[in-house]
Amino acid sequence: MRRDKYILVQYNAAKCLTNLFRLGAINEERSKTQILDTIVYLCLSEDIAIKHIGANLLHELIEQNSELQLWASYSQHLMRGLSRFFVASKDPEFSPRLRAAAFKAFAALGETQEDIRKSIIEGENIISHLKFGLQDDSLEVQVAALSCLHSLSRSVKQLRTNLLDAEVWEPLLKLIKTDDDELVRTSSRTLCNLLLDFSPSKDILLEQEGTVELLSKLVLNSDDEVKLNGVWALMNITYKANSDLRSKILSHFGVLQILETVEDDCPKLKIKALGLLRNILCDPDEVDRIMTSHGREVLKTLVPILTDLDKWSDEEQEQVLCVFINIATGHIAKDLLTERDDLLLCLLRFLSHLNSQLQIAATTCITHLVKSEDSGCLERQNKLKDMGHFKELQTLLGARPEVADRAKIALQYFQ
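Mapping to this note's numbering: the sequence shown position 19 is 56, numbers consecutive.
Set out below in structure tokens:
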């Protein structure tokens, strides 16, 4: 791929090698850097068709590869060259394709590393281009701009500064309401980041009329990714949410709908739905109200996930245990859990699990069940003693420190 070769030959060679690299057929470091150098050279070509091809190849090569992203960022001229793609070309019909290619390249560059995101935002004035890109007449440009925004929104600092100041949430809300599937997928994915607890845009978005209703509708979408993004976004906004917001969410996406989502076959969707349920069940009084009205359905859905160790992953079972930890804070709910011998036997089994996170979760749940300041605690303590929980907790005093500490706390409450 010497540079004195005809540029189209270089392009074809780079594309071929890029495909081989993505298939895992190229591992040699020198070959990787040669491919990357050639692609960067293509991106800086004066020929608009060649640099368009170069930017697309760059995206294909470095996407999901943090090492190559870092190497590409070392090029002194690459980012500046890509930013020139946003300047109108002599061919107005080709300009949208250039802008889309640049956004995709920047998205791949900023995918994993904070320093690179900082360089993109602060060095190339990408935010102003992003705002125009999100409102572009070209669907290709809008999707690519959304991908770039999603990549940059992984940065806590940028969420709190440049992205907040640019009010990127405004065009985002418009795009998520469109009929185009790809736009809805990409915009809903980006919205999840803007709704994280540390994002100032979260409060602004929740102040907009119809945001909760919009997120609830996403969960009912037939597209699996959009559905996942909807549940993910609801999980994010319920984290540390006040009672009014939780009630508003339940009025649009109720407990039974959440439980139905928990039963979905997609593990990612199941985990996010469990996270949403966990966030909803965070106040003891609200826990009692929900368990009084839907306790039977909650237990019917969750307990089977704990009983079959081979069918469900540790992560799924840990999330279920975390939901039961919150349920065990309820005054009435404690007794509902203690009545289920199958659930108590699951807790006993998890105390001896090889995964320390599951041990800790089970121990914490038991702690809430036997706390001495709650009525009926003596009966619950005696039942758990009879079933062997007290004895098993004692064996954990010799376990790794984080497990032993939780076991000590639980044992303190047994009389």
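C-beta: ideal position from N, C-alpha, C; glycine also.
Everything numeric in this text was worked out from a predicted model, so none of it was measured.
Since residue i contacts residue j with CB under 8 Å, what's their CB separation in whole angstroms?
i    : j    : result
A138 : A92  : 4 Å
L73  : L107 : The pair is not a contact, with the Cβ atoms about 11 Å apart (cut-off 8 Å).
M424 : A370 : Going by Cβ atoms, the distance from M424 to A370 rounds to 19 Å, so no, they are not a contact pair.
S188 : S156 : Incorrect: roughly 13 Å between the Cβ atoms, too far for contact.
N162 : C229 : Their Cβ separation, rounded to whole angstroms, is 26 Å, which puts N162 and C229 out of contact at 8 Å.
L311 : V299 : 6 Å
Would the beta-carbon of residue i fall within 8 Å of that of residue j?
i    : j    : result
R134 : E83  : no
L242 : W206 : yes
R437 : S393 : yes
A447 : I403 : yes
H114 : L81  : yes
L421 : L381 : yes
L255 : L209 : no
V263 : K309 : no
T227 : L271 : no
R333 : T401 : no
K307 : E353 : yes
H289 : E244 : no
V357 : L385 : no
Q452 : Q431 : no
How many Å lie between residue i and residue j at the Cα?
i    : j    : result
L252 : N258 : 10 Å
V324 : T375 : 15 Å
R222 : D378 : 43 Å
N102 : K285 : 41 Å
S330 : H426 : 29 Å
D174 : L200 : 22 Å
V292 : A203 : 36 Å
R40  : T75  : Confidence in R40 is poor, its pLDDT being 46 and thus under 50, which makes the residue's placement too unreliable to answer from.
Y276 : L231 : 14 Å
E429 : A398 : 15 Å
S225 : A86  : 32 Å
K211 : T248 : 11 Å
E297 : D281 : 23 Å
E410 : S192 : 43 Å
Q150 : S412 : 51 Å
D345 : V124 : 59 Å
M38  : V77  : Only weak support exists for where M38 lies, its pLDDT of 45 falling under 50; the coordinates are left without a value.
A365 : G435 : 26 Å
F131 : E100 : 24 Å
V360 : V335 : 10 Å
L433 : H405 : 18 Å
D240 : E246 : 12 Å
K88  : D128 : 14 Å
D322 : A278 : 15 Å
L146 : H96  : 8 Å
D216 : Q294 : 24 Å
K337 : C383 : 14 Å
K168 : L313 : 31 Å
L220 : R154 : 23 Å
Q179 : P341 : 44 Å
R116 : K348 : Just to set this straight, residue 116 is Met in the shown sequence, not Arg. Going by the C-alpha atoms only, they are around 47 Å apart.
C185 : D152 : 16 Å
K214 : D301 : 25 Å
G367 : S238 : 32 Å
Counting only the same chain and skipping the five closest in sequence on each side, list residues whose C-beta sits under 8 Å from that of residue i.
i    : result
K408 : C414 and Y450
N363 : R315, L318, C319 and V324
C303 : D261 and L265
L119 : C80, A92, A139, A142, F143 and E161
S112 : V77
K445 : L434
Once you ignore the five residues that flank residue i on each side, which residues in its own chain have a CB closer than 6 Å to its CB?
i    : result
A181 : A137, F140 and K141
E439 : none
S236 : L196
C53  : none
H166 : F123
F387 : L395 and A399
Can you list, in chain order, the residues of its chain with a C-beta nearer than 7 Å to that of residue i? Leave out the 5 residues immediately preceding and following it.
i    : result
I158 : I164, L189, Q195 and N199
D351 : N392 and L395
T70  : W108
D372 : G413
D218 : D260
L105 : K69, L73, L98 and I99
E355 : Q394, L395 and A398
Tell me whether residue i, by its Cβ, gets closer than 7 Å to a heavy atom of the ligand MN.
i    : result
M424 : Although the ligand MN was asked about, the structure shown includes no ligands whatsoever.
Hey, does residue i have any beta-carbon neighbour from chain B nearer than 8 Å?
i    : result
I164 : Among the chains in the structure shown there is no chain B, since it carries only a single protein chain.
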